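Asker:
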Amino acid sequence: MLPGREGKEHTVTALISDQVASLIEDGIRLAQEAQALPPFPVPHVGVERPRQTAHGDYATPVCLQLTEEARMAPRAIATRVIEYLPTASFLGKVDVAGPGYINVTLDSSWVARQTRAILETGDKWGHVDLGSGDCVQVEFVSANPTGPITVGSTRNAVIGDVLASVLDAADFVVEREYYVNDAGSQVRKFGESLYARYAQALGEEEPFPGDGYLGGYVVDMAAEFARQVGHSYLKMDRQEAIQALGERGIECVLGQARADLAALRVSFDTWFRERSLYDSGLFDRLLQKLRKDGYVTEREGAVWFTSPDLEEDAVLIRSPQVISNPEERPTYLASDVAYVWNKLMERGFDRAIYVWGADHHGDVPRVRAATKALGLDPDRVEIILYQMVNLKRGTEDVRMSKRAGEFVTLREMIDEVGPDPIRFLLLTRTVDATIDFDLDLAVEQSEKNPVYYVQYAHARICSILRYAAEQGWDPDHEGDVALLTHESEQALIRKMLELPEIVAYAAEQRAPHRLTFYAQELAAQFHAFYRDCRVVAEEDAERTRARLMLVRAARTTLAQVLGLLGVTAPERM
RNA sequence: GCCCCAGUAGCUCAACUGGAUAGAGCAUCGGACUUCUAAUCCGAGGGCUGCAGGUUCAAGUCCUGCCUGGGGUACCA
856 MLPGREGKEH
866 TVTALISDQV
876 ASLIEDGIRL
886 AQEAQALPPF
896 PVPHVGVERP
906 RQTAHGDYAT
916 PVCLQLTEEA
926 RMAPRAIATR
936 VIEYLPTASF
946 LGKVDVAGPG
956 YINVTLDSSW
966 VARQTRAILE
976 TGDKWGHVDL
986 GSGDCVQVEF
996 VSANPTGPIT
1006 VGSTRNAVIG
1016 DVLASVLDAA
1026 DFVVEREYYV
1036 NDAGSQVRKF
1046 GESLYARYAQ
1056 ALGEEEPFPG
1066 DGYLGGYVVD
1076 MAAEFARQVG
1086 HSYLKMDRQE
1096 AIQALGERGI
1106 ECVLGQARAD
1116 LAALRVSFDT
1126 WFRERSLYDS
1136 GLFDRLLQKL
1146 RKDGYVTERE
1156 GAVWFTSPDL
1166 EEDAVLIRSP
1176 QVISNPEERP
1186 TYLASDVAYV
1196 WNKLMERGFD
1206 RAIYVWGADH
1216 HGDVPRVRAA
1226 TKALGLDPDR
1236 VEIILYQMVN
1246 LKRGTEDVRM
1256 SKRAGEFVTL
1266 REMIDEVGPD
1276 PIRFLLLTRT
1286 VDATIDFDLD
1296 LAVEQSEKNP
1306 VYYVQYAHAR
1316 ICSILRYAAE
1326 QGWDPDHEGD
1336 VALLTHESEQ
1346 ALIRKMLELP
1356 EIVAYAAEQR
1366 APHRLTFYAQ
1376 ELAAQFHAFY
1386 RDCRVVAEED
1396 AERTRARLML
1406 VRAARTTLAQ
1416 VLGLLGVTAP
1426 ERM
C-alpha cells in the first residue's frame, strides 16, 4: 500500500531564490502601476547564483530580456525596478550591474540570524516543499537474480538510493523498489547451470549447458545445495528439478543481494516479482486491451506491439517459440507493459522513476509508447539513464564479463573499499558521464580523495565542540549570533543557506551528484572559517558562544548533506 | 547504416538548462603547524570549451554537418 500523504510534515519555508524572484516580479508590477515602466506582461524572473561573490548572493538578467517590450535600455529598466522593489527582511544591497543585471546581496545581520534558524530546524534543515506529497516510486538496481551484484549495479544502487532520499527531502512520498526479473529465460539458464553443477557436485556426469553461467559462485551454490538436500533433486523429473533449483538459486541470490546492498546502506521497501504480472493475469488482460485498441498485430504466429509513436518497426511482445513452451514467458516489453500499469494504475503512484544503465536506452521509446498505448500519461514515467563504470586499479583496467563469471562484485568492493568512498565517488559525476572507478584511489586516505576531505571537516567540527566542552563551555548555550560578522563567518553561513536550493535542484533535475559538489564546497568554506576565526577563546566569552552556535549549525548542515548521500559523518578521524 | 552519451586547464570533472571576466580538485612550483585535528590552509602558472557553419542583445549550453571515444541495435533484461 502507498504510504499516506497526510503523514508528511511541512516544516520548510520558501526558497530564498523564489522569494527574490517574486520580489522582483512585484517590483516590475509596481513600477508599471506607477507608470515608471510601460505596460507589458510580467515575465518569469529567473534568479541565479552569480559565479563571482562580488556580484552578490543572487542575480537576475531579466531586464536584459525586456528591452524590446519596454523599449528601454536594460540598465534603465533595472533602475526603475529597484526603485519600486518592496522591502524584505533578508534584503541587503540591491543594485544594477554590468549590462543590466539586478544583483541582490543578503542582509548580513539577517544572514547571521539564520544560524539560529538552522539549529532550530535541525534534521529537517535542507528539506524543501517541492513535491507536495506526490507519491513517486524509484525503481532501481533490479539486476538479474542470477548472480552477485556487480559494479554497474552499484552505481545504479547509489544513484537510485540518493535520488530517493533527495526526493524524500523535497517532500515527495517515496518508495524504493527492486524489480526481480524472475520470469525470463536467463532464469531458466541459471537453473540449468545450477542443475549441472549440482549433479557434478554429487559425482554425476552432467554436461554443462553451452550458454550457462560459468561463475564459480554457481559451483559453490550448487555444492551447498547438494550438502543441504543430498540427491533429492536428481530423483525428481529433470525439468521440475531445473525449475526448483532455479527458484532456490534466486532466493539465495536475492538473500545475498539484500545483504550486500544493506552493507552499502541501500534498502528497499518492495521487492517486486516480475512473475506476479503473469500469475495475476494482468498481462493477459492488458494484451486484450491493447489488441482491442489496435496496438497489436500478429504475423507468423508472433504477437507484436505497434504504435504510431514508434518510428521503428513493431516490437515483439510474444513469440511463437514462447507460446509452444509454457515455461517460457513473453518478451521483456510484455513485462514492461504490465509493470508500468501495475505501478501507475494498480498501485497509483503519481510518478514512476526507473534507473537504467545506458545500455538499455533503446527501450526507452518503447516503454513510453506502451505507456501511451495503455492510455496513461507517458510523462508520469521517467527513465534515468546512467553511463557505465570502468573499474580500474591505478592505471590498469579491471576487465569483466558476467557470463564468464569474471567480475568484481559489490561485496568485494565493500570489503576492499567500504561504503563511504563507493557512495561518494560514484556520485561525483553526472549520470551522463562514464566513471573510471579507481579501487586504489578509493581506499587512499589522501587529498586526492574528496570523501575524506568532507568527512574531515565534520570530524574537525566535532573536535572543536569536544574541546569547548573540555574547557567548560556549555555547547548548547545560546549566544548572540549578531556577532557573526566576520567575512569567513558570513561566507560559511551563506554557503549553509544554499542547502535547500541544492536539494531542490537535485530533486527537480534528478541530479544527485550536486550533493557531493556542494558537500565539498561547504567543507571548504568551513576550513576557511577555521583558518580565520578562533572559536574557543577564553578572553571573549560572547564571541565564543556565538561561534559555537555557528559551528553547531555547520555540523548540522554537513551532517544533513552526508545523510542524504548515505555517507557517515565521523566524529573523529 | 541508424539511435543514445561524452568531448571544457597536463589529468579527472563542474558550470544553477541561454547570461557578467568559463570554475573546482588533482598534478607542478612556492609558502603556512609552540595555537580548537596540517586528512588543512594561502599564493602562482595553466583555456580558440573537438572542428566548421547557423540562430540572437547574449552560446560551453540551442540547430545543422563533420571528427574522436564509449554504449546500443530489438524474443537476455
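The first sequence maps to residues 856 to 1428 in our numbering.
Quick reminder that beta carbons are idealized off the backbone N, C-alpha and C, glycines included.
The model shown is predicted, which means the values in this text are computed figures rather than measured ones.
Do you know whose CA, among G1101, G1067, R1093, N958, lies nearest F1080's CA?
Answerer: Out of G1101, G1067, R1093, N958, G1101 has the C-alpha closest to the C-alpha of F1080.
Asker: What residues in its chain sit with their C-beta under 8 Å from that of V1195, if we drop five residues either side in the sequence?
Answerer: Excluding positions up to five away in sequence, the list reads A1207, V1222, A1225, T1226, L1229, L1231, V1236.
Asker: Can the beta-carbon of P954 be found closer than 9 Å to that of R930?
Answerer: Closer than 9 Å, so yes.
Asker: Locate the alpha helix (DSSP H) running through R930, then write down its first and last residues.
Answerer: That run of the alpha helix (DSSP H) goes 929-938.
Asker: Buried or exposed: which applies to G862, given that a residue is buried once 16 or more other Cβ atoms fall within 10 Å of its Cβ?
Answerer: A caution first: G862 carries a pLDDT of 39, below 50, which makes its placement in the model unreliable, though a value can still be read off. Exposed.
Asker: Might you give, ordered along the chain, the residues of its own chain that have their beta carbon closer than 8 Å to the beta carbon of H1332, omitting 5 neighbours on each side?
Answerer: Within the same chain, H1332 has close Cβ partners R1400, L1403.
Asker: Out of E1299, F1384, R1365, which has the shortest C-alpha to C-alpha gap to T1340?
Answerer: Closest option to T1340, Cα to Cα, is F1384.
Asker: Of all the options A1378, G1002, S987, T1411, which has the alpha carbon lying nearest to the alpha carbon of V1263?
Answerer: Comparing Cα-Cα distances from V1263 to each of A1378, G1002, S987, T1411, the minimum goes to G1002.
Asker: Candidates A1362, D1387, R1398: which alpha carbon is nearest L1420's?
Answerer: Among A1362, D1387, R1398, the Cα nearest to that of L1420 is on A1362.
Asker: Between which two residues does the alpha helix (DSSP H) containing T1226 stretch?
Answerer: Looking at the DSSP string, the run of the alpha helix (DSSP H) that includes T1226 is 1219-1228.
Asker: Taking the continuous beta strand (DSSP E) assigned at F1160, which residues delimit it?
Answerer: Its beta strand (DSSP E) spans residues 1157-1160.
Asker: Going by DSSP, name the residue or residues bridged to F1292.
Answerer: BP columns for F1292 point to L1246.
Asker: Nearest-angstrom Cα distance between Y1311 and S987?
Answerer: The alpha-carbon atoms of Y1311 and S987 are separated by roughly 35 Å.
Asker: Quick one: measure Cβ to Cβ for A1359 and Q1380, integer angstroms, because I've assumed they're closer than 8 Å.
Answerer: Going by Cβ atoms, the distance from A1359 to Q1380 rounds to 20 Å, so no, they are not a contact pair.
Asker: What do you get for A1459, buried or exposed, if any count of 16 or more other CB atoms within 10 angstroms of its CB means buried?
Answerer: Nothing about residue 1459 can be read from this structure; the chain reaches only from 856 to 1428.
Asker: Excluding the five sequence neighbours on either side, which residues of its own chain have a C-beta within less than 6 Å of the C-beta of T922, listed in chain order?
Answerer: Result list for T922: P929, in chain order.
Asker: Secondary structure at Q969, three-state DSSP: helix, strand or coil?
Answerer: Helix.
Asker: Three or more beta-carbon pairs under 8 Å between the segment 1011-1022 and the segment 987-997, yes or no?
Answerer: Result yes; three or more Cβ-Cβ pairs closer than 8 Å.
Asker: Can you tell me the Cα-Cα spacing of R1389 and V1309, whole angstroms?
Answerer: Approximately 20 Å, taken between the alpha carbons.
Asker: Pop quiz: K1044 and Y1072 are said to be a contact at Cβ under 8 Å. What is the actual Cβ separation, rounded to whole angstroms?
Answerer: K1044 to Y1072, Cβ: 15 Å. No contact.
Asker: Please classify T915 as buried or exposed, where buried requires at least 16 neighbouring CB atoms within 10 angstroms.
Answerer: Buried: at least 16 other Cβ atoms inside 10 Å.
Asker: Can you give me the start and stop residues for the beta strand (DSSP E) that T1264 sits inside?
Answerer: Where T1264 is concerned, there is no enclosing beta strand (DSSP E), given that its DSSP letter is neither H nor E.
Asker: Just the C-alpha distance for D912 and M1268, rounded to the nearest angstrom, thanks.
Answerer: Distance between the alpha carbons of D912 and M1268: 41 Å.
Asker: Pull up the distance between the alpha-carbon of A1314 and that of L974, whole angstroms please.
Answerer: Cα-Cα distance, rounded: 18 Å.
Asker: Looking at D1387: is its Cβ nearer than 9 Å to the Cβ of E1325?
Answerer: Not a contact, by the Cβ cut-off of 9 Å.
Asker: Using the C-alpha atoms, what's the distance from Y1241 back to D1287?
Answerer: Rounded to whole angstroms, D1287 to Y1241 spans 6 Å at the Cα level.
Asker: By the 10 Å Cβ neighbour count, where 16 or more other Cβ atoms means buried, how is T866 classified, buried or exposed?
Answerer: In this prediction, T866 scores a pLDDT of 44, lower than 50, which makes its location untrustworthy; no coordinate-derived value is stated.
Asker: Contact between the segment 1097-1115 and the segment 1040-1056: three or more CB pairs below 8 Å?
Answerer: Yes: the two stretches touch, three or more of their Cβ pairs being nearer than 8 Å.
Asker: Near I932, which residues of its chain fall below 8 Å by C-beta distance, leaving aside the five closest residues on each side in sequence?
Answerer: L892, C918, L921, T922, A925, G955, listed in sequence order.
Asker: Ordered along the chain, which non-local residues of its own chain (more than five positions away) have a Cβ less than 6 Å from that of P1276?
Answerer: Answer for P1276: A1297, V1306, listed in chain order.
Asker: Can you grab the Cα-Cα spacing for the pair G977 / R1140, in whole Å?
Answerer: G977 and R1140: Cα-Cα distance of roughly 50 Å.
Asker: Mark H843 as exposed unless 16 or more other C-beta atoms lie within 10 angstroms of its C-beta, in which case mark it buried.
Answerer: The chain is shown only over 856 to 1428; residue 843 falls outside these bounds and no answer can be derived.
Asker: Determine, using beta carbons only, whether W965 and Q1415 come nearer to each other than 9 Å.
Answerer: No, Cβ-Cβ distance for W965 and Q1415 is not below 9 Å.
Asker: Among Y1150, D1234, A876, which residue has its Cα nearest to the Cα of P1163?
Answerer: Measuring from the Cα of P1163, the nearest candidate turns out to be Y1150.
Asker: Closest to R1284 by C-alpha separation, out of T1371, R1398, N958, would be which residue?
Answerer: Cα-wise, what sits closest to R1284 is T1371.
Asker: Measuring CB to CB, does T1289 end up less than 9 Å from V1244?
Answerer: Yes, these two residues count as a Cβ contact at 9 Å.
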